[in-house]
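K.L.:
This note's numbering runs 1137 ahead of the 1-based position in the sequence shown. Cβ atoms here follow ideal geometry from the backbone N, Cα and C, with glycine treated the same way. Sending over a structure as structure tokens; questions will come in a sec.
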Amino acid sequence: MPPIRRSNLGRITRNATNQANYRSNQSPQERDDRNERERIRISQTREVRTRNSTNNRANLNRAAFSYDVSIDYSNYQCVVIGSMNSVCSYCKALKYKNEANGLCCANGKVKLIPLDPPPEPLYSLVSGIGTDSIHFLTNIQQYNNCFQMTSFGATNVVRESFMPTFKMQGQIYHRSGSLLPVSDSNYKFLQIYFYVQFNTRN
């Protein structure tokens, strides 16, 4: 609590003295009425706070699994966590205000190798310079969603016995391929998503 400035001490003392004199001049009935009004006010305030707290907990229970666009979640104080404007003094990571100091790099103990700049044309697209880059960054979520239509492929598939996991060697790529396979080829990558419709249409 910040210290009270000396210039305010006299005013605070006068206010307290005047309040004490006012209460001492009240009759027992007036004092009882005042205490009853104060008791009712505190009770109502406590009831409203308790009700709001209960409603917030009830409304937000598993809310992440049933998101409702008509609800403004920013009105809930427990949801608003602020901006990532806290910078780690060791690794320069952006964090939220209430995140622990060592959460990102254990206070400088973890040191990652700097990432190489992305190759072209990706580097130009994420630079934020030019109409193509602005368009790409504005619609980056839609571009990222395109990876949902990709498949995982391998040149050698081993099926000797039951194997719940598998191991791959080499570089992994996301590939979509053409919408339709070439003649005498099996469906793969993006083509498998249109397999049923293609056969139905033909």
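Does DSSP put Leu1252 in a helix, in a strand, or in coil?
P.N.:
Residue numbering aside, residue 1252 sits at position 115 when the sequence shown is read from its first letter. Coil.
K.L.:
Between which two residues does the alpha helix (DSSP H) harbouring Ile1208 extend?
P.N.:
As a first step, residue 1208 is located in the sequence shown; it is residue number 71 there, counting from the start. First-last for Ile1208: undefined, no H or E at that position.
K.L.:
What is the residue span of the alpha helix (DSSP H) that Thr1292 lies within?
P.N.:
Position 155 of the sequence shown, counting from 1, holds the residue named residue 1292. Element bounds for Thr1292: n/a, residue is neither H nor E.
K.L.:
I need the DSSP call for Leu1231, collapsed to helix, strand or coil.
P.N.:
Residue mapping note: residue 1231 aligns to position 94 of the sequence shown, counting from 1. Leu1231: strand per DSSP, three-state reduction.
K.L.:
When the distance is taken between beta carbons, is Asn1244 closer than 8 Å to Tyr1227?
P.N.:
Residue 1227 sits at position 90 when you count from the first residue of the sequence shown. Residue 1244 sits at position 107 when you count from the first residue of the sequence shown. The answer is yes: Cβ separation under 8 Å.
K.L.:
Based on the DSSP secondary-structure assignment, which residues constitute the bridge partners of Ser1223?
P.N.:
Mapped onto the sequence shown, residue 1223 falls at position 86. Note: Ser1223 sits in a beta bridge opposite Lys1232.
K.L.:
Looking only at its chain, what residues have a beta carbon closer than 8 Å to the beta carbon of Lys1248, apart from the 5 residues adjacent to it on each side?
P.N.:
Translated into the one-based positions of the sequence shown, residue 1248 becomes position 111. Hits under 8 Å: Cys1228 and Cys1242.
K.L.:
Express the C-alpha separation of Glu1236 and Val1206 in angstroms, rounding to a whole number.
P.N.:
Sequence index remark: in the sequence shown, residue 1206 carries index 69 (1-based). Sequence index remark: in the sequence shown, residue 1236 carries index 99 (1-based). C-alpha separation (whole angstroms): 28 Å.
K.L.:
If we ignore side chains and look at the alpha-carbon of each, how far apart do Lys1232 and Asp1269 end up?
P.N.:
Looking up residue 1232 in the sequence shown gives position 95. Looking up residue 1269 in the sequence shown gives position 132. Their Cα atoms are separated by approximately 30 Å.
K.L.:
Please work out which residues of its chain come closer than 8 Å, Cβ to Cβ, to Arg1168, disregarding the five sequence neighbours upstream and downstream, and give them in chain order.
P.N.:
Here residue 1168 is taken as the residue at index 31 of the sequence shown, counted from 1. Arg1160.
K.L.:
Which of helix, strand or coil does DSSP assign to Arg1273?
P.N.:
Locating residue 1273 in the sequence shown gives position 136, counting from the first residue. According to the sequence provided, residue 1273 is Phe. The question's Arg does not apply to it. Correct three-state label for Phe1273: helix.
K.L.:
Taking Ser1261 as part of the alpha helix (DSSP H), name the residues at either end of that continuous run.
P.N.:
The residue you call residue 1261 lines up with position 124 of the sequence shown. Residues Leu1259 to Leu1262.
K.L.:
Suppose you measure from the CA of Ile1271 to the CA of Leu1262; what does that come to, to the nearest Å?
P.N.:
Position 134 of the sequence shown, counting from 1, holds the residue named residue 1271. Position 125 of the sequence shown, counting from 1, holds the residue named residue 1262. Cα-Cα distance, rounded: 8 Å.
K.L.:
If you draw a straight line from the C-alpha of Ile1250 to the C-alpha of Asn1212, how long is it?
P.N.:
Here residue 1250 is taken as the residue at index 113 of the sequence shown, counted from 1. Here residue 1212 is taken as the residue at index 75 of the sequence shown, counted from 1. If I take the Cα positions, the gap works out to 41 Å.
K.L.:
Ignore the nearest five residues each way along the sequence and tell me which others in Ser1341's own chain have a CB closer than 8 Å to its CB.
P.N.:
The displayed coordinates of the chain run from 1138 to 1339. Any statement about residue 1341 would go beyond what the structure contains.
K.L.:
Please state whether DSSP places Tyr1280 in a helix, a strand or coil.
P.N.:
As a working mapping, residue 1280 is identified with position 143 in the sequence shown. Of the three classes helix, strand and coil, the one that applies to Tyr1280 here is helix, per DSSP.
K.L.:
Within 10 angstroms of the Cβ of Phe1202, are there 16 or more other Cβ atoms? Answer buried if so, exposed if not.
P.N.:
Numbered from its first residue, the sequence shown carries residue 1202 at position 65. The residue in question, Phe1202, is exposed, as its Cβ has fewer than 16 Cβ neighbours within 10 Å.
K.L.:
Could you tell me the distance, in whole angstroms, from the CA atom of Phe1335 to the CA atom of Gly1267?
P.N.:
Taking the sequence shown and counting its residues from 1, one reaches residue 1335 at position 198. Taking the sequence shown and counting its residues from 1, one reaches residue 1267 at position 130. Low confidence applies here, because Phe1335 scores a pLDDT of 45, under 50, leaving its location unreliable; read the following figure in that light. Cα to Cα, Phe1335 sits roughly 39 Å from Gly1267.
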